[in-house]
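Trainee: So that we are looking at the same thing, I have put the structure below in structure tokens.
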Amino acid sequence: MKYKVGFLGGGNIAKAIIGGFINSGLYKTEHIIASARSEKTIRELQSRFGIAATLDNALIVQQSEIVIIAVKPYMIDAVITPLRTLFTDNHIVISVAAGVSTQTLKQYFDDPVKLYRVMPNTPAQVGAGMSVIFTDVSEDEPSCQTVKKLFESVGLVEVLNESLVHACIAVQGSSPAYMFMMLEAMGDAGVKLGLPRDKAYLMAAQTMLGSAQMLLETKMHPGALKDMVTSPGGTTIEAVAKLEESGFRHGVIKAMVACADVSETMSKK
Ligand SMILES: NC(=O)c1ccc[n+]([C@@H]2O[C@H](COP(=O)([O-])OP(=O)(O)OC[C@H]3O[C@@H](n4cnc5c(N)ncnc54)[C@H](OP(=O)(O)O)[C@@H]3O)[C@@H](O)[C@H]2O)c1
């Protein structure tokens, strides 16, 4: 095989993972190939990452040890059906498509193909991804170890039962969007209060990063960490009260439950 890893689809998530693989040093550019539907994306993949890129999906399967399916869920049938006979027992196939179950994916592959469903997220691009491998295969299985190693190169990895997939999509797959909305809102507030936008984003982003790191390292309850910032009658409790008045936590929970519901509905189609 000419390539270690090949991507079917070279969009947002593929680019995030490719960037992460290269930055982490796991793979060199010459180890990676990706396909796309348009010449524009092919040119972008070549110039941005220096990897091989093609319009020919068959080439991805024929020349890659690991094939990552990174097209939109509704495209899977059209993309995989013509490639079915090209997959061999030696391939490891990873699907990152939201809402497409392992059971559905299995219809496209003969049993010996090692098939994994993984939910990554876009912070993989900067080595701070959170990926979940959904499998009932033992973590000690060499192919599972390979998949784990792949995604550990771009962040943290959990191995969970697929019954938890919809919750995971709400908590890690889709959640960078809500984080960015929070950062954008904090930036706007900073600007309204007179800060230059770049300084406001820097302060907000570093504070989000540091707070997340504090939670991970101290393993303290987030409420306790919040209490450490709120002094009686002070500025922070004023902001906390206003957030509660606006239904902040309720809004977050409602949005994430809706996200998981859509994921579940998609998986039943
Ligand atoms: N974005 C995320 O944060 C995220 C997180 C976890 C999982 N996912 C999953 O990742 C998958 C891709 O999402 P995305 O956000 O990366 O979508 P996207 O940006 O729209 O990328 C889709 C890619 O598929 C390519 N494509 C379309 N038809 C094709 C074909 N027939 N053959 C080969 N390539 C084809 C497109 O090519 P062109 O660029 O030329 O149109 C594009 O590069 C989805 O299944 C999604 O559920 C995404």
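Each residue of the sequence shown is one higher than the last, beginning at 9 in my numbering.
Note that the Cβ used here is the ideal one computed from N, Cα and C, for glycine as well.
Model, not experiment: these values are computed from the prediction.
#1: So, are the CB atoms of Ser72 and Ile21 less than 8 Å apart?
#2: Nearest to Lys157 by CA position, among Gly135, Ile177, Asp144, Ser271, is which residue?
#3: CA-CA distance, Thr273 and Cys267?
#4: Comparing alpha-carbon positions, which option in Ala66, Ser103, Ser146 lies nearest Leu91?
#5: Determine the extent of the alpha helix (DSSP H) in which Ile177 is found, giving its start and end residues.
#6: In this structure, how does DSSP classify Met9 when only helix, strand and coil are distinguished?
#7: Spell out the partners DSSP gives Lys114 in its beta bridges.
#8: Within 10 Å of its beta-carbon, does Asn169 have 16 or more other beta-carbons around it, so buried, or fewer, so exposed?
#9: Would you check if the distance between the CB atom of Ser43 and the CB atom of Gly27 is smaller than 8 Å?
#10: Drop a sphere of 10 angstroms on the beta-carbon of Pro131, count the other beta-carbons inside from all chains shown, and report buried for 16 or more, exposed for fewer.
#11: CB Ile88 to CB Val126, shorter than 8 Å?
#12: Going by the CB atoms, is the gap between Leu16 and Val108 shorter than 8 Å?
#13: Can Thr143 and Tyr124 be called in contact, C-beta distance under 8 Å?
#14: For Gln153, I'd like the list of residues in its chain whose CB is within less than 8 Å of its CB, leaving aside the five on either flank, ordered along the chain.
#15: Tell me whether Leu67 sits in a helix, a strand or coil according to DSSP, three-state version.
#16: Under the DSSP definition of a beta bridge, which residues are partnered with Ile100?
#17: Would you list the residues sitting across from Ala42 in a DSSP beta bridge?
Mentor: In terms of the structure at hand:
#1: The Cβ atoms of Ser72 and Ile21 do not sit closer than 8 Å to each other.
#2: Checking every option, the nearest Cα to that of Lys157 belongs to Gly135.
#3: Distance between the alpha carbons of Thr273 and Cys267: 10 Å.
#4: Comparing Cα-Cα distances from Leu91 to each of Ala66, Ser103, Ser146, the minimum goes to Ala66.
#5: It is not in any alpha helix (DSSP H) - Ile177 carries neither H nor E in the DSSP assignment.
#6: In the structure shown, Met9 sits in coil (DSSP, three-state: anything other than H, G, I, E or B).
#7: Bridge partners of Lys114: none, in fact.
#8: Asn169 comes out exposed.
#9: Going by C-beta atoms, Ser43 is not nearer than 8 Å to Gly27.
#10: The residue in question, Pro131, is buried, as its Cβ has 16 or more Cβ neighbours within 10 Å.
#11: Taking 8 Å as the cut-off, the beta carbon of Ile88 is found no closer than this to the beta carbon of Val126.
#12: In terms of Cβ geometry, Val108 and Leu16 do not form a close pair [threshold 8 Å].
#13: Result yes, Cβ atoms of Thr143 and Tyr124 sit closer than 8 Å.
#14: Glu147.
#15: Secondary structure of Leu67 (DSSP, three-state): helix.
#16: Residue pairing by DSSP places Ile100 opposite Ile74, Lys122 in a beta bridge.
#17: Answer by DSSP bridge pairing, in chain order: Phe15, Ala61.
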